[in-house]
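Contents: one structure, followed by commentary.
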Amino acid sequence: MTEFLQLDLAPMLAATLACLVCGLVGNLLLLTRQSLLGDAISHSVLPGIVMGFWVSGSRAAAPLVAGAMLAAVAAALLIALVRRLTRLEPGAAMGVVFSGFFALGIVLIEVSGAHAVDLDVDCVLYGQLEALIWPAARGPGALLDAAALAEFPAEVTTLAVVLALTLLLLVLLWKELRLAAFDPDFAHAIGFAPRRLSLLVLVLVSVACVAAFWAVGSILVIAALVAPAAIARLLTNGYAAQFRLSAVAAVAMGAGGYWLAALAPGALGLGHGLNAAGMIAVLAGVLLAFAWLFGPFGRRGAARRATVAGHPAAAT
Amino acid sequence: MTLLEALLFSAGYNAAVVALGCAGFGLAAGALGCFVLLRGRALIADAAAHATLPGVAGAFILAALAGWEVRSLPLLLAGAAATAAVAVLLVSGLTAGGRIRDDAAMALVLSIGFGTGVVLISVVQSLPVGGQAGLKGFILGQAAGMSAADARMIGLLAALALLLVTVMFRPLAALCFDREFAAAVGLPVRALDLALLGLMLAVTVAGLRAVGLILVVALMVIPAATARLLTERLEVMVPLAAAMGALAAWLGAGLSSALPGLPTGATITLVACTLFVAALLFAPRRGALAFAWRQAMLSLTVARDHALRVAFEAAESSPAAPLAWADLGRGAGWSAWQRALLPRWMEAAGWVTERAGQVALTPSGLALARDLTRRHRLWEHYMQAAGGLAPAAAHRAADEVEHTLPPEVTREAEAWLRRHDPARLAEGEVPPPGEAERTP
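Structure follows, in structure tokens:
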């Protein structure tokens with residue numbers, strides 16, 4: 065029990081919270097067909113993080129998060145600008161901007177001397193879930209002990225705050241977001257500002273990405289963003305159900321992935337722990353495969369639609 | 051070691067190998083990237099590149115279990131290519147249901163493939179064999195550590211890719227611009243699509259060694275996007291993108307060997323981005339400066355049209371009344387810079403003369419003003435007759451179209467009015483220049 069509290073509780077919570085935050089926000093991306101924006105943002109925050117580190121000289125969260133946020137918003141605006149100016153397809157505009165930002169980040173790491181400290185590409189790419197430990201937990205009593213709780217890893221607390229913020233925004237803007245996601249033209253016509261709303265979504269995605277970074281790394285943030293929403297999309301047509309199911313999928317992949325990574329090595333006879341962040345993505349893939357194979361809107365849905373299309377009478 | 055030495059391949063054998071290998075990769079990726087971009091799949095290389103990770107780790111595990119040489123390059127590359135191919139096929143499989151779009155499918159395959167790779171890497175690290183070190187480097191790219199054999203292999207692949215692109219240029223172009231048309235004229239579109247994806251995969255996998263996983267995407271996308279800004283023709287775009295990719299790789303490799311501490315792949319990407327930004331600013335047709343110039347010229351022309359119309363209408367109503375720039379400017383709502391520029395332009399072009407603060411139209415200015423006024427009234431009447439607009443609305447609507455529509459369209463509107471409402475057309479007719487001419 066003590067070992068679980070010390071070594072596993074914090075990373076497991078962090079993985080679950082990160083997947084939950086990203087998964088909920090990911091619905092907004094999926095429904096507005098911007099899933100690759102997660103890819104672009106999660107690469108683009110690197111120079112911002114390095115700049116934050118460079119300016120503050122420490123790994124304190126606030127400047128890094130501020131830098132990452134700035135970089136994410138700058139990248140998203142640049143992508144929009146490049147698209148408008150060049151009329152290139154969105155994928156190309158994203159590719160140009162995010163690979164440029166990422167390369168800039170790598171160069172900055174070398175130039176700023178951040179390399180000497182533990183801020184390197186590996187930590188950004190793979191995350192450091194395993195580094196979240198709670199040594200102050202000397203027994204189950206620590207859960208009620210204020211002094212021990214004060215030493216609980218700050219990353220987890222940050223994620224919890226971000227989750228609360230995300231939920232609050234989702235509840236407050238529930239109808240507006242739904243309108244912007246399903247009918248942006250109508251939203252515009254009735255005097256709504258979908259642009260301001262999409263900027264808010266963008267900021268929300270950036271916050272979620274940045275908060276989840278330290279838990280699962282930049283590539284797996286993309287899985288956390290897209291997979292829960294995609295799984296839910298294969299299972300339901302409803303808007304509220306989409307969010308509920310994605311939350312369930314997110315918790316399942318976050319907690320389940322961590323649990324598998326911690327347990328599987330013993331079962332397989334491997335002497336070394338498996339990478340938990342990677343395992344989360346693998347589990348997401350398994351869940352997605354099941355949803356695609358057996359979900360009402362997956363493979364079978366496609367087959368059903370094909371037969372309906374073959375018999376026009378059945379469609380009406 | 052100076053930049054010049056590095057660029058002339060005289061900064062040592064290793065630096066020359068790296069620069070040549072990277073340039074070869076840039077050449078192939080640039081050329082191929084054009085087709086991938088025009089096919090609307092710019093980021094498929096991103097998905098494929100990330101999905102090579104499980105292949106590399108899997109091949110390593112397989113080799114270790116079978117007791118083969120674990121660092122055998124062909125085996126690792128074969129593994130990478132295999133999983134990347136599976137990933138590309140999965141993208142189209144996921145989108146088949148219609149529920150998950152292209153972008154989501156790519157993001158899913160990319161992240162889940164990479165995650166699987168990360169797990170396999172952690173398995174690799176627990177294997178009781180040596181040689182694990184550097185596997186991550188294999189994926190993230192160690193351009194600076196490229197061996198002569200790597201460079202030769204990349205050169206060979208680049209030559210092959212260029213040859214195939216040249217041979218299949220026509221069918222590939224047809225595929226990229228109009229898939230339905232290509233299918234209709236009997237081209238094997240599915241086979242061509244697969245060939246293009248296969249070539250893309252080969253170059254991506256080869257590029258892992260040259261510039262690294264994330265930066266492969268850069269050389270696939272950026273030179274092609276840059277060339278797209280500079281030309282509308284595919285025959286120009288492909289060689290241009292290839293040249294740009296090679297140039298970025300050669301300059302970037304040179305810079306990173308001349309300035310210690312600059313990572314090669316990232317420097318190459320930044321050079322490519324710089325070229326893109328330059329094209330974005332200075333491209334003759336699609337560049338930002340050209341765009342701003344066209345906008346400025348348009349707004350200037352519109353302001354001139356308004357001023358000339360105001361002058362003409364003033365002359366129509368009271369030929370003897372004096373006219374000042376203030377009247378013209380106020381009528382047209384000039385901005386500060388237009389107030390500074392327009393009088394000079396109009397005088398230099400010989401449309402107006404100015405004497406003691408009095409502005410007068412010259413004969414050529416009067417002719418132009420008459421044409422412009424006639425055009426405006428024509429559109430006003432057309433908007434009222436064909437669109438049923440009220441006069442004030444017709445005035446605004448005419449103002450929105452008259453400056454930008456080509457003269458043929460104006461002639462069409464005139465022909466329409468002549469057929470449907472000749473009386474209204476006659477009413478809008480302006481007198482010939484001689485009658486309204488003002489004598490200064």
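Residue numbers (the numbering used here), protein chains in the order written: chain A, 65 to 380; chain B, 51 to 490. Note that CB positions come from ideal geometry on N, CA and C, so glycine has one too.
Measure the beta-carbon distance from LEU81 of chain A to LEU223 of chain A and round it to whole angstroms, keeping in mind my assumption that it falls under 8 angstroms. Your numbering for residue 81 of chain A matches position 17 in the first sequence. Your numbering for residue 223 of chain A matches position 159 in the first sequence. Contact holds; Cβ gap of about 4 angstroms.
Indicate whether at least one CB of chain B lies closer than 7 angstroms to the CB of SER163 of chain A. Translated into the one-based positions of the first sequence, residue 163 of chain A becomes position 99. So, interface residue.
Find out if the Cβ-Cβ distance for the pair MET250 of chain B, VAL136 of chain B is shorter than 7 angstroms. Sequence index remark: in the second sequence, residue 250 of chain B carries index 200 (1-based). Sequence index remark: in the second sequence, residue 136 of chain B carries index 86 (1-based). Cβ atoms of MET250 of chain B and VAL136 of chain B: not closer than 7 angstroms.
List, from N- to C-terminal side, the beta strand (DSSP E) runs of 3 residues or more that fit wholly inside the stretch 70–111 of chain A. none
For the beta strand (DSSP E) containing GLN408 of chain B, name the first residue and the last one. Numbered from 1 along the second sequence, position 358 holds the residue referred to as residue 408 of chain B. Counting along the chain, the beta strand (DSSP E) containing GLN408 of chain B begins and ends at 408–411.
Between LEU100 of chain A and MET196 of chain B, how many whole angstroms is the CB-CB distance? I'm expecting something under 8 angstroms. Start at 1 with the first residue of the first sequence, and residue 100 of chain A comes out as number 36. Start at 1 with the first residue of the second sequence, and residue 196 of chain B comes out as number 146. 30 angstroms between Cβ atoms; not a contact.
Under the three-state DSSP convention, the category LEU58 of chain B falls into: Start at 1 with the first residue of the second sequence, and residue 58 of chain B comes out as number 8. Looking at LEU58 of chain B - three-state DSSP - the assignment turns out to be coil, as it is neither helix nor strand.
Within 10 angstroms of the Cβ of VAL225 of chain A, are there 16 or more other Cβ atoms? Answer buried if so, exposed if not. If you number the first sequence from 1, residue 225 of chain A lands on position 161. Counting Cβ neighbours within 10 Å, VAL225 of chain A comes out exposed, since fewer than 16 surround it.
Going along chain B, which residues have a C-beta under 8 angstroms from VAL171 of chain A? Against the first sequence, residue 171 of chain A aligns to sequence position 107. In chain order: LEU312, PRO313, ALA316, THR317 and LEU320.
Limits of the alpha helix (DSSP H) - the one that VAL321 of chain B falls within: Here residue 321 of chain B refers to the residue found at position 271 of the second sequence. Element bounds for VAL321 of chain B: 314–332.
Every unbroken alpha helix (DSSP H) inside the stretch 129–176 of chain A [4 residues or more]: 154–176
Using the three-state DSSP reduction, which class does THR384 of chain A fall into: helix, strand or coil? Given that chain A is displayed from residue 65 to residue 380, the structure contains no residue 384 of chain A and the question cannot be resolved.
To which residues of the same chain is TRP384 of chain B closer than 7 angstroms at the C-beta, ignoring the five residues directly before and after it? Here residue 384 of chain B is taken as the residue at index 334 of the second sequence, counted from 1. So the list reads ALA353 and LEU392, once near-sequence residues are dropped.
Rounded C-alpha distance that separates SER368 of chain B from GLN408 of chain B: Within the second sequence, numbered from 1, the residue matching residue 368 of chain B stands at position 318. Within the second sequence, numbered from 1, the residue matching residue 408 of chain B stands at position 358. Rounded to whole angstroms, SER368 of chain B to GLN408 of chain B spans 15 angstroms at the Cα level.
When you compare each of A:GLY116, A:VAL137, A:LEU142 and A:VAL280 to PRO127 of chain A by their alpha carbons, which one comes out closest? Against the first sequence, residue 127 of chain A aligns to sequence position 63. Ranking A:GLY116, A:VAL137, A:LEU142 and A:VAL280 by Cα distance to PRO127 of chain A puts A:GLY116 first.
Could you spell out the range, first to last residue, of the beta strand (DSSP E) harbouring ARG405 of chain B? For the purposes of this step, residue 405 of chain B is identified with residue 355 of the second sequence, where counting begins at 1. Run containing ARG405 of chain B: 402–405, per the beta strand (DSSP E) assignment.
Quick check: GLY415 of chain B and TRP401 of chain B, are their CB atoms within less than 7 angstroms of each other? Position 365 of the second sequence holds residue 415 of chain B. Position 351 of the second sequence holds residue 401 of chain B. Against a cut-off of 7 angstroms, the Cβ pair of TRP401 of chain B and GLY415 of chain B comes out as a contact.
Flag this pair as yes or no: are the beta carbons of ALA291 of chain B and ALA322 of chain B separated by less than 7 angstroms? The residue labelled residue 291 of chain B in the question sits at position 241 within the second sequence. The residue labelled residue 322 of chain B in the question sits at position 272 within the second sequence. No, they are not a contact pair.
Could you confirm whether any beta carbon from chain B is found closer than 7 angstroms to the beta carbon of GLY159 of chain A? The residue labelled residue 159 of chain A in the question sits at position 95 within the first sequence. Judged by the 7 angstroms Cβ criterion, GLY159 of chain A is in contact with chain B.
Would you kindly report the start and end of the unbroken alpha helix (DSSP H) that includes ASN64 of chain B? One-based indexing of the second sequence puts residue 64 of chain B at position 14. It spans 63–88 - the alpha helix (DSSP H) in which ASN64 of chain B sits, taken as one unbroken run.
Counting only Cβ pairs nearer than 7 angstroms, list the residues of chain B close to VAL175 of chain A. What you label residue 175 of chain A is simply residue 111 of the first sequence in a count that begins at 1. Correct list: GLY311.
DSSP state of ALA254 of chain A mapped onto helix, strand, coil: In the first sequence, the residue the question calls residue 254 of chain A occupies position 190. One point to set straight first is that residue 254 of chain A is Ile, not Ala, in the sequence displayed. Three-state DSSP puts ILE254 of chain A in coil, outside helix and strand.
Listed by chain order, chain B residues near SER262 of chain A by CB distance under 8 angstroms: The sequence position of residue 262 of chain A within the first sequence is 198, counting from 1. None at all; the shortest Cβ gap to chain B is about 15 angstroms.
May I ask you to report which of helix, strand or coil DSSP gives GLU282 of chain B? Here residue 282 of chain B is taken as the residue at index 232 of the second sequence, counted from 1. GLU282 of chain B: coil per DSSP, three-state reduction.
Would you mind sorting ALA357 of chain B into buried or exposed? The rule is 16 or more other CB atoms within 10 Å of its CB. Taking the second sequence and counting its residues from 1, the one referred to as residue 357 of chain B is at position 307. Flag for ALA357 of chain B reads buried.
So with Cβ pairs under 7 angstroms, would you call ILE111 of chain B a contact of chain A? Mapped onto the second sequence, residue 111 of chain B falls at position 61. Answer no: the Cβ-Cβ gap between ILE111 of chain B and chain A never drops below 7 angstroms.
Where LEU103 of chain B and PHE164 of chain B are concerned, what is the direct C-alpha to C-alpha distance, given to the nearest angstrom? Within the second sequence, numbered from 1, the residue matching residue 103 of chain B stands at position 53. Within the second sequence, numbered from 1, the residue matching residue 164 of chain B stands at position 114. Looking at the two C-alpha atoms, the distance is approximately 6 angstroms.
From HIS470 of chain B to ALA442 of chain B, what does the alpha carbon distance come to, in whole angstroms? In the second sequence, the residue the question calls residue 470 of chain B occupies position 420. In the second sequence, the residue the question calls residue 442 of chain B occupies position 392. Taking the straight line from one Cα to the other gives about 22 angstroms.
So, at 7 angstroms on beta carbons, what are the nonlocal neighbours of TRP387 of chain B in its own chain, with the 5 sequence-adjacent residues on each side left out? Mapped onto the second sequence, residue 387 of chain B falls at position 337. Within the same chain, TRP387 of chain B has no close Cβ partners at all.
Are any of the Cβ atoms in chain A nearer than 7 angstroms to that of HIS470 of chain B? To locate residue 470 of chain B, count along the second sequence from 1; it is residue 420. Not closer than 7 angstroms to any Cβ of chain A, the Cβ of HIS470 of chain B fails to qualify, so no.
Using DSSP with H/G/I as helix, E/B as strand and the rest coil, what is HIS426 of chain B? Looking up residue 426 of chain B in the second sequence gives position 376. Helix.
Any idea what DSSP makes of THR454 of chain B, helix, strand or coil? Start at 1 with the first residue of the second sequence, and residue 454 of chain B comes out as number 404. DSSP places THR454 of chain B in coil when its eight states are reduced to three.
Decide if SER108 of chain A is buried, meaning its Cβ has at least 16 other Cβ atoms within 10 Å, or exposed. By 1-based counting over the first sequence, the position of residue 108 of chain A is 44. Looking at its Cβ environment, which holds 16 or more other Cβ atoms inside 10 Å, SER108 of chain A is buried.
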